[in-house]
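Here is the structure we will look at, set down as structure tokens.
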Amino acid sequence: MSKLIKPEGYTPLLDLKQTEQAIKLIKDSFQANLSSELKLRRVTAPLFVLKGTGINDDLNGTERPVSFPVKDMGDRQAEVVHSLAKWKRMTLAALNIEHGHGIYTDMNAIRPDEELDNLHSLYVDQWDWERVINKEERSLAFLKEIVNKIYNAMLRTEYIVNETYPQIKPSLPQKITFIHSEELLQLYPNLTPKERENEITRKYGAVFLIGVGGKLSNGEKHDGRAPDYDDWSTIAENGFAGLNGDILVWNPVLKQSLELSSMGVRVDKEALVRQLKLTGEEKRLELQFHKCLMNDVYPLSIGGGIGQSRLCMFFLKKAHVGEIQASLWPDSMREECAKNGIPLI
Numbered sequence: 018m019s020k021l022i023k024p025e026g027y028t029p030l031l032d033l034k035q036t037e038q039a040i041k042l043i044k045d046s047f048q049a050n051l052s053s054e055l056k057l058r059r060v061t062a063p064l065f066v067l068k069g070t071g072i073n074d075d076l077n078g079t080e081r082p083v084s085f086p087v088k089d090m091g092d093r094q095a096e097v098v099h100s101l102a103k104w105k106r107m108t109l110a111a112l113n114i115e116h117g118h119g120i121y122t123d124m125n126a127i128r129p130d131e132e133l134d135n136l137h138s139l140y141v142d143q144w145d146w147e148r149v150i151n152k153e154e155r156s157l158a159f160l161k162e163i164v165n166k167i168y169n170a171m172l173r174t175e176y177i178v179n180e181t182y183p184q185i186k187p188s189l190p191q192k193i194t195f196i197h198s199e200e201l202l203q204l205y206p207n208l209t210p211k212e213r214e215n216e217i218t219r220k221y222g223a224v225f226l227i228g229v230g231g232k233l234s235n236g237e238k239h240d241g242r243a244p245d246y247d248d249w250s251t252i253a254e255n256g257f258a259g260l261n262g263d264i265l266v267w268n269p270v271l272k273q274s275l276e277l278s279s280m281g282v283r284v285d286k287e288a289l290v291r292q293l294k295l296t297g298e299e300k301r302l303e304l305q306f307h308k309c310l311m312n313d314v315y316p317l318s319i320g321g322g323i324g325q326s327r328l329c330m331f332f333l334k335k336a337h338v339g340e341i342q343a344s345l346w347p348d349s350m351r352e353e354c355a356k357n358g359i360p361l362i
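Sequential numbering from 18 applies to the sequence shown in our numbering.
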């Protein structure tokens, strides 16, 4: 199976029982560190929202949400969330969260259009977080400050894993490197976006790639982003567009880049209108969420998602996300994994 990476000589460092215990250790440790670093309180989140409200996220704009009719609501359609970027901003307002504080929650989603491989599953689990900021904090400097706090939580969690399971050696560098997607394009003009990510994370170990969603100098996007949550169009202090980005690390097992988090300063009114115009989606301004944002109902914020299974996979040096989570995989993939010593749950 061409999509499956089969690391030569791979042997899991933990057995199935140890793996389950380690998953709990990582999740407990990381979310405690994250909430402490960013001053976040835990909230309960929905698994689905009503269609047509503009609350669900479009991700790259091509993924189909799982939907179903609600009998007691006149068969109105509900959609399983793709992520909670907009819902969290609504919740900051509803809970009247003060400046400098925020919320986090467990986000679970079903993405039926994913191409299944070592990193991509039908089931998505992540910590979604959102924090109230002010106008002055809509800057690249503040974005970097928050990224460093999240990275510190990762470093502490990696240390706890190594203390508990000495056979698992740490691989994160002490500092994360910042680079803009345009700078990365100039470094590797003949490579694809994924190949560029591989080269830069191989070199530095951990990278925050700034400015994901807008077109680069070659007329292409590094990757897609919906126009109505991350601000990928505001010109920052570095002269490049974008106040968002991805946390990428080098995966020593799969020998490739691994995205652990997508995050950023969220759109204000100006950025929302600009990005909807750039993407030809001005009609969204008629939706509930967008009307409220334009009427200053929601606070300015910064937020993102951090993959739970991916973080566990990385820290436990696993070859497949199916060693961490229970999901569906093609029979051919299960057979290939079994042949190559990769035990899927």
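The beta carbon of each residue, even a glycine, is placed where N, CA and C say it ideally should be.
Limits of the unbroken alpha helix (DSSP H) element including residue i
| i | result |
| --- | --- |
| Leu271 | Per DSSP, Leu271 belongs to no alpha helix (DSSP H) and is neither H nor E. |
| Gln292 | 286–295 |
Pick from the options that is closest to residue i, judged by C-alpha positions
| i | options | result |
| --- | --- | --- |
| Gln203 | Thr174, Ala223, Gly222, His239 | His239 |
| Val149 | Glu353, Asp285, Leu302 | Asp285 |
| Pro363 | Ser274, Val164, Thr174 | Look at the range of the chain in this structure, 18 to 362, and you will see that residue 363 is not part of it. |
| Gln342 | Val224, Leu136, Asn50 | Leu136 |
| Ser344 | Gly320, Asp134, Lys56 | Asp134 |
| Gly222 | Pro269, Asp130, Glu115, Pro29 | Pro269 |
CB of residue i within 7 Å of CB of residue j, strictly
| i | j | result |
| --- | --- | --- |
| Leu33 | Ala39 | no |
| Val66 | Asn73 | yes |
| Phe159 | His197 | no |
| Ala110 | Val282 | no |
| Leu157 | Glu254 | yes |
| Phe85 | Val164 | no |
Exposed unless 16 or more other CB atoms sit within 10 angstroms - verdict on residue i
| i | result |
| --- | --- |
| Thr108 | buried |
| Met18 | Confidence in Met18 is poor, its pLDDT being 43 and thus under 50, which makes the residue's placement unreliable; the coordinate value appears in the next sentence. With fewer than 16 Cβ atoms within 10 Å of its Cβ, Met18 is classed as exposed. |
| His337 | buried |
| Thr218 | buried |
| Ser349 | exposed |
| Ala243 | buried |
| His307 | buried |
| Leu64 | exposed |
| Leu17 | Within the shown structure, residues of the chain are numbered from 18 to 362, placing residue 17 beyond reach of any answer. |
| Ser234 | exposed |
Enclosing beta strand (DSSP E) for residue i [first to last residue]
| i | result |
| --- | --- |
| Asp348 | Segment 348–356 is the alpha helix (DSSP H) holding Asp348; no beta strand (DSSP E) there. |
| Pro210 | It is not in any beta strand (DSSP E) - Pro210 instead sits in the alpha helix (DSSP H) that spans 210–221. |
| Ile22 | Ile22 -> no beta strand (DSSP E), and no H or E assigned at all. |
| Arg283 | Looking at the DSSP string, Arg283 is not in any beta strand (DSSP E), and its letter there is neither H nor E. |
- Query: Touch check for the segment 123–137 and the segment 92–106: three-plus C-beta pairs under 8 Å?
  - Reply: yes
- Taking three-plus beta-carbon pairs below 8 Å as touching, is the segment 185–200 in contact with the segment 256–271? yes
- Message: When you compare the segment 176–183 with the segment 295–307, are there three or more beta-carbon pairs, one atom per stretch, that lie closer than 8 Å?
- Response: no
- Inter-stretch contact at 8 Å, needing at least 3 Cβ pairs: the segment 138–145 / the segment 310–328: Proximity of the segment 138–145 to the segment 310–328 meets the contact definition, three or more beta-carbon pairs being nearer than 8 Å.
- Touching or not, the segment 47–54 and the segment 156–171, by the rule of three or more beta carbon pairs under 8 Å? yes
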